[in-house]
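Enquirer:
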Amino acid sequence: MNKLAKILRSPWTKIAVFALCLVPISLLARPLWMLATTGYSPDLTANPIEYITHYTGTWTIRFLLITLSVTPLRKIFNQPLLARYRRMLGLFAFFYVCLHFLTWFVLDKFFSFPEMWADILKRRYITVGMLGFAMLLPLAVTSTAGWVRRLGFVKWQRLHRLIYFAALAGVIHYYWLVKSDVRLPLMYGAILAILMLYRLAARQLARQPAAPRPVTTPNTASLPD
Ligand code: HEM
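Take the sequence shown: its letters are residues 10 to 234, numbered as in the numbering used here.
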């Protein structure tokens, strides 16, 4: 086994990746504590709700794209063990979108369902954001090995392609909500387009019939007369 494969197989690497995925949320802990105890935290700016909404939204789109990068990286670098990390990264994308949604629903809408519906119907970026969230829900629920068995691998894989559409909804959501500078949403959109094109090209290549084998003439010298 090569060195990289050994690292990827180690349970310590999994723990390290898990801890790394918790860094963004842990960076919020201190300023949030400061806000709760003193009523103000310079890190969270003058509008903490807006800051937290943007922060968790940014980490959602990043985790979605990191999750989608696992398969291309696995294939390009021939590292099948990278697949062990895909589920964890996808669940972290879901974790951050839940925080993102809850920041909006709890701190902005104060648990008001009528206000929530009104916003979903009124603002197109909220509509498409909710669509992305709704697509991620069944993926999180069916992420266990038990669900792979229950659905069968082919059906399960087909369902999990929804992550591309959830990421696309996230990019459109971001593009629609920014007022003027669209560089960041366009950058995330370009990364997503590259990942989608890679997937399509890989599928197309896999569908092509295998190249004919070279015709080998039997070594007659070794055959009995
Ligand atoms: C796939 C799902 C989603 C992704 C990837 C996502 C991503 C983002 C991103 C990247 C931002 C902007 C961050 C920045 O400006 O730095 C953002 C902002 C925001 N998102 Fe989401 N989001 C998603 C779903 C949702 C949902 C379900 C809601 C609520 C229903 C929501 C509500 C908001 C709001 C209110 C803002 C701030 C808008 C403003 O500045 O006026 N998002 N989101």
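Built from N, CA and C at the ideal position, the CB exists for glycine as well.
As a quick exercise: from Phe120, Met97, Tyr134 and Lys12, pick the residue whose alpha carbon is nearest that of Thr153.
Expert: Counting from one through the sequence shown, the residue named residue 153 turns up at place 144. That would be Met97, whose Cα lies nearest to the Cα of Thr153.
Enquirer: Ignoring anything shorter than 4 residues or poking outside the segment 49-78, list the alpha helix (DSSP H) runs there in chain order.
Expert: Those alpha helix (DSSP H) runs which fall completely within the segment 49-78 and span 4+ residues do not exist here.
Enquirer: Just to confirm before moving on: does the CB-CB distance between Gly198 and Tyr184 stay below 8 Å?
Expert: Counting from one through the sequence shown, the residue named residue 198 turns up at place 189. Counting from one through the sequence shown, the residue named residue 184 turns up at place 175. Yes, the pair counts as a contact, with Cβ atoms nearer than the cut-off.
Enquirer: Could you check whether the Cβ of Ile135 sits closer than 7 Å to any heavy atom belonging to the ligand HEM?
Expert: As a first step, residue 135 must be located in the sequence shown, where it is residue number 126. Yes; taking the cut-off as 7 Å, the Cβ of Ile135 has a heavy atom of the ligand HEM nearer than that.
Enquirer: If you run the structure through DSSP and keep just helix, strand and coil, what is Phe120?
Expert: For this step, residue 120 is matched to residue 111 along the sequence shown. Of the three classes helix, strand and coil, the one that applies to Phe120 here is coil, per DSSP.
Enquirer: Going by other Cβ atoms of all chains shown within 10 Å of its Cβ, with 16 needed for buried, is Ala28 buried or exposed?
Expert: Counting from 1 along the sequence shown, the entry for residue 28 is found at position 19. The residue is exposed, with fewer than 16 neighbouring Cβ atoms inside 10 Å.
Enquirer: Within 10 angstroms of the Cβ of Gly48, are there 16 or more other Cβ atoms? Answer buried if so, exposed if not.
Expert: Stepping through the sequence shown from its first residue, residue 48 is reached at position 39. Per the 10 Å Cβ criterion, exposed.
Enquirer: For Val187, which of helix, strand or coil comes out of DSSP?
Expert: Here residue 187 is taken as the residue at index 178 of the sequence shown, counted from 1. In the structure shown, Val187 sits in coil (DSSP, three-state: anything other than H, G, I, E or B).
Enquirer: Checking contacts by CB at 8 Å: is Val26 closer than that to chain D?
Expert: Included in the structure is just one protein chain, with no chain D present.
Enquirer: For Met196, which of helix, strand or coil comes out of DSSP?
Expert: Here residue 196 corresponds to residue number 187 of the sequence shown, with the count starting at 1. Looking at Met196 - three-state DSSP - the assignment turns out to be helix.
Enquirer: Which whole-angstrom value describes the C-beta separation of Ile172 and Leu77, a residue pair presumed to lie in contact below a C-beta threshold of 8 Å?
Expert: Working through the sequence shown from its first residue, we reach residue 172 at position 163. Working through the sequence shown from its first residue, we reach residue 77 at position 68. Right, their Cβ atoms sit about 7 Å apart.
Enquirer: Over what stretch of residues does the alpha helix (DSSP H) that includes Phe105 continue unbroken?
Expert: Reading the sequence shown from its first residue, position 96 is the one you call residue 105. According to the sequence as given, residue 105 is Tyr; it is not Phe. Note, Tyr105: alpha helix (DSSP H), Arg95 to Leu111.
Enquirer: Out of Ala210, Leu214 and Val187, point me to the one whose CA is closest to Tyr67's CA.
Expert: In the sequence shown, counting from the first residue as 1, residue 67 sits at position 58. With the sequence shown as reference, residue 67 is identified as Thr, and Tyr is not the correct amino acid for it. Residue Val187 is the option with its Cα nearest to Thr67.
Enquirer: Does the beta carbon of His109 fall short of 7 Å from some heavy atom of the ligand HEM?
Expert: Here residue 109 is taken as the residue at index 100 of the sequence shown, counted from 1. His109 Cβ: within cutoff of the ligand HEM.
Enquirer: Find out if the Cβ-Cβ distance for the pair Gln88, Leu195 is shorter than 8 Å.
Expert: Indexing the sequence shown from 1 puts residue 88 at position 79. Indexing the sequence shown from 1 puts residue 195 at position 186. Not in contact: Gln88 and Leu195 (Cβ atoms no closer than 8 Å).
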